[in-house]
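Going by our numbering, the letters in the sequence shown line up with residues 12 to 528, in that order. Below is one structure; the comments refer to it alone.
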Amino acid sequence: MQRTMKPRVIALAVSSVLMLACSQVALADSSDDLLKKLKDKGILTEQEYDEFNATRDTEKVKKQSEIKASFKDGIVWESGDKQHSMQISGRVQLDGRAFGYDKNDLGNAAPAGFAGVANGTAVGSNNFALRRARIAVKGKFYNSYEYEISTNLQQANGNAAGSGGVGATDDVAFLNVNWWEEAQFRFGQFKMPMTQEKMTSSNNIDFMERSFVNQMAPNEELGAMVHGVPFKGWTYALAVSNGAGQNSGDVDNRVDDKDFIGRVTANAAEWMDDKTMILHGGVAFSKGDVPVGNIGAGGTVQTQSGVRFHTLPVLVAATTAGSGPSRSIDRQRVGLEGIAAYGPFKIQGEWLRTSFDYDTTTSASTSVDQDAWYVEAMWILTGEKYADFYKNGVMGALKPKNEFVHPMVAASTDGWGLWELGVRFDKYDASDFITQGLGTTVAAAGTTNGVTRGSGYTEANEWTVGIKFLPNPNFRVMLNYVKTEFANPYTATGGVTVNNKLENGEDALLMRTQIMF
């Protein structure tokens, strides 16, 4: 008569205990080894051994194919074998803005006699604005193929100057092949590897808005990149892109040179195995061109609140007929970055220069430079270490050590969340444009008639003081005071008008509530 499984299962359990005690089988032996020993000793028949293996394999496959949902900085679905995952994430940022402009000034037209004044949009009135509203899907397949698709539901006009309306556009959309940590491959629309500020998510930047440096750096663009961590404390990235900006590269049908963009960083604290410090340094570069008729950082440069104080020139670098190098403008960018942090204190700075080289109609070679830099000091009052939020050359999300819990939720709590203070000075300087005769009333040397010359101020100094509160990792409140001073206009009567008044500076109080997941 065929024996039933139940008695055999009991016998198996008893025999297993005896074998472990008497024959000194190591506790670390795998179940494969244990079952084989039981079969070899005759405790299990060949048929029972196969049945146990089949049942165990079925359970293993079932467990690996199970999908489990959890919350970890977003809603995550993950397979049992952790080879596949998908995460829904997003962010919403609501800003409030108050300005120091004279409310009695009316309109937004240039005052009589101020020829070529770069008029700002009507940002002088206090307002609320939806700065960002994004939803994203990201995840991986087979543990090596990573993807991310992010959509912008709200388009802000530049940094923060009002709203351009609601309409979904692509933020990033890429595939990352992670076969080796030392050499990964990325394809699609993604952040080009230049500047610490750009590589840091808008969820995690130190102040509400990035500095002037960011306005000169490349944006998310279509292209391909190889990047990785070749050695401990080192990172590198080398990308090639259309160089035509975000969501415009797919229509870049010009016959031109593509942009080559690279970045290398090193963190000496990792070499020393010091987890309390960051000693980060980095260098970045880009080389490419822009078509005739374009120069500078997207046409305008603006303050954190959105006042466009510098309208850059539109160049016709040579005759519009014919061919040759004069049909485009060479653009090179060089950047330096550094971070020194110890415990809850951090100093960070960056410098970026953009150079435009072009030939004039007289075949003369001309070059103009556009510079920006900043330095900032940050202090986490609640004691968290900046080194805990740094990885692979980029600052990540701050997370409170003790989350804040409202007394209505818990009777008592020692959690204060995370509090941070910071101050930043940043500088913009394009005075070289005046030197080369690209101003409003001075004919640019060698350019053709009809060229639109630059207007407004070519320099600006900006101070930002900020305080930040994170009750938990998914919510933050920020308050920034920004004072900006404009300098060096193209002409004596040039400058920027806001609400029908010529302005040489701006005071703004900015507040943000942000939820991210």
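Think of the CB as a built atom: it goes at the ideal place given N, C-alpha and C, for glycine as much as any other residue.
Quick check: the Cα distance between threonine 508 and glutamate 496, rounded to an integer number of angstroms?
Near 14 Å, if we compare the C-alpha coordinates of glutamate 496 and threonine 508.
Just to confirm, are tyrosine 369 and isoleucine 340 a CB contact at a threshold of 8 Å?
Between tyrosine 369 and isoleucine 340, the CB-CB gap stays under 8 Å.
According to DSSP, is threonine 56 helix, strand or coil?
The DSSP-derived three-state label of threonine 56 is coil.
With 16 as the cutoff for other CB atoms within 10 Å, does glycine 394 come out buried or exposed?
The C-beta of glycine 394 has fewer than 16 other C-beta atoms within 10 Å across all chains shown, which makes the residue exposed.
Candidates Lys512, Val488, Gly505 and Gly516: which alpha carbon is nearest methionine 522's?
For methionine 522, the closest C-alpha among the options Lys512, Val488, Gly505 and Gly516 is that of Val488.
Does the ligand MG have even one heavy atom less than 7 Å from the beta-carbon of serine 100?
With respect to small molecules bound, the structure shown includes none, and the ligand MG cannot be examined in it.
For isoleucine 78, the first and last residue of its enclosing alpha helix (DSSP H):
Run containing isoleucine 78: none in the alpha helix (DSSP H); it sits in the beta strand (DSSP E), 78-82.
Which value, in whole angstroms, describes the spacing of the CA atoms of glutamine 207 and valine 405?
Computed Cα separation, rounded: 7 Å.
Mind checking phenylalanine 242: buried by the 16 CB within 10 Å criterion, or exposed?
Label assigned to phenylalanine 242: exposed.
Per DSSP, what kind of secondary structure is glutamate 281 in: helix, strand or coil?
If DSSP states are grouped into helix, strand and coil, glutamate 281 belongs with the helices.
In the DSSP assignment, find the beta strand (DSSP E) that holds methionine 97 and state where it starts and stops.
96-110 is the extent of the beta strand (DSSP E) around methionine 97.
Can you grab the Cα-Cα spacing for the pair phenylalanine 198 / glutamate 232, in whole Å?
Rounded to whole angstroms, the gap between the alpha carbons of phenylalanine 198 and glutamate 232 is 10 Å.
Kindly indicate the opening and closing residues of the alpha helix (DSSP H) around glutamate 414.
Run containing glutamate 414: none; DSSP gives neither H nor E here.
So, at 7 Å on beta carbons, what are the nonlocal neighbours of arginine 145 in its own chain, with the 5 sequence-adjacent residues on each side left out?
Hits under 7 Å: Gly101, Arg102, Ser161, Thr162, Asn163, Leu164 and Asp182.
Looking at C-beta atoms only, is the number of pairs between the stretch 380-391 and the stretch 235-251 that lie closer than 8 Å three or more?
Touching, no.
Euclidean distance between Cα positions of serine 316 and arginine 108
Computed Cα separation, rounded: 8 Å.
Pairwise C-alpha distance: arginine 435 and lysine 209
When rounded, the distance between both Cα atoms is 16 Å.
Apply the 10 Å Cβ neighbour rule to valine 224 and answer buried if 16 or more other Cβ atoms are within range, or exposed otherwise.
By the neighbour-count rule (16 or more Cβ atoms within 10 Å), valine 224 is buried.
Would a C-beta distance cut-off of 8 Å place asparagine 413 and glycine 433 closer than the cut-off?
No; because the gap between Cβ atoms is not below 8 Å, this pair is not in contact.
Can you say whether glutamate 94 is buried or exposed, counting buried as having 16 or more other CB atoms within 10 angstroms of its CB?
The sequence given here places glutamine at residue 94; glutamate does not occur at that position. Of the other Cβ atoms in all chains shown, fewer than 16 fall within 10 Å of the Cβ of glutamine 94; this residue is therefore exposed.
How would you call methionine 389, buried or exposed, if buried means at least 16 neighbouring beta carbons within 10 angstroms?
Here methionine 389 is buried, its C-beta having at least 16 other C-beta atoms within 10 Å.
Would you check if there are 3 or more beta carbon pairs closer than 8 Å linking the stretch 310-325 to the stretch 275-283?
Short answer: they don't touch.
One question on the structure: do serine 90 and lysine 151 come within less than 8 Å of each other, judged by their Cβ atoms?
The beta carbons of serine 90 and lysine 151 sit no closer together than 8 Å.
Unbroken alpha helix (DSSP H) run spanning aspartate 443, endpoints:
Membership of aspartate 443 in the alpha helix (DSSP H) is indicated by the continuous run 443-446.
Answer yes or no: do phenylalanine 296 and valine 251 have a C-beta to C-beta separation smaller than 8 Å?
It is not a contact, given that the beta carbons lie outside the stated cut-off.
Check glutamine 207 in the structure and name its three-state DSSP category.
Glutamine 207 falls in the helix class under three-state DSSP.
Determine the closest residue to alanine 194 out of Ala235, Ala519 and Gly111, with distance taken between C-alpha atoms.
Distances from the CA of alanine 194 to each of Ala235, Ala519 and Gly111 were compared; the closest alpha carbon is that of Ala235.
Of the choices Glu361, Lys410 and Val476, whose alpha-carbon is the least far from that of methionine 219?
Between methionine 219 and the set Glu361, Lys410 and Val476, the nearest pair of CA atoms involves Val476.
If you draw a straight line from the alpha carbon of glycine 360 to that of glutamine 257, how long is it in whole angstroms?
Straight through space, the alpha carbons of glutamine 257 and glycine 360 are spaced by roughly 25 Å.
Quick test of your reading: tyrosine 501 and threonine 469, contact by CB under 8 Å. State the CB separation rounded to the nearest angstrom.
Under the criterion of beta carbons closer than 8 Å, tyrosine 501 and threonine 469 qualify as touching, at roughly 7 Å.
Leaving aside the five residues before and after proline 482 along the sequence, list all residues of the same chain whose C-beta is less than 6 Å from its C-beta, in chain order.
Around proline 482: Phe415 and Gly428.
Roughly how far, in whole angstroms, is the beta-carbon of glycine 273 from the beta-carbon of proline 204, given that I think they are within contact range, below 8 Å?
That belief holds up - the Cβ atoms of glycine 273 and proline 204 are roughly 7 Å apart, short of 8 Å.
According to DSSP, simplified to helix, strand and coil, what is methionine 219?
Three-state DSSP puts methionine 219 in coil, outside helix and strand.
Do leucine 530 and methionine 227 have their C-beta atoms within less than 8 Å of each other?
Because the chain spans 12 through 528 in this model, residue 530 falls outside it and cannot be assessed.
Test: methionine 389 CB closer than 8 Å to a CB of chain C
Given the protein chain composition of this structure (a single chain), no chain C is represented.
Start and end of the beta strand (DSSP E) containing valine 240?
Per DSSP, valine 240 is not a residue of any beta strand (DSSP E), being assigned neither H nor E.
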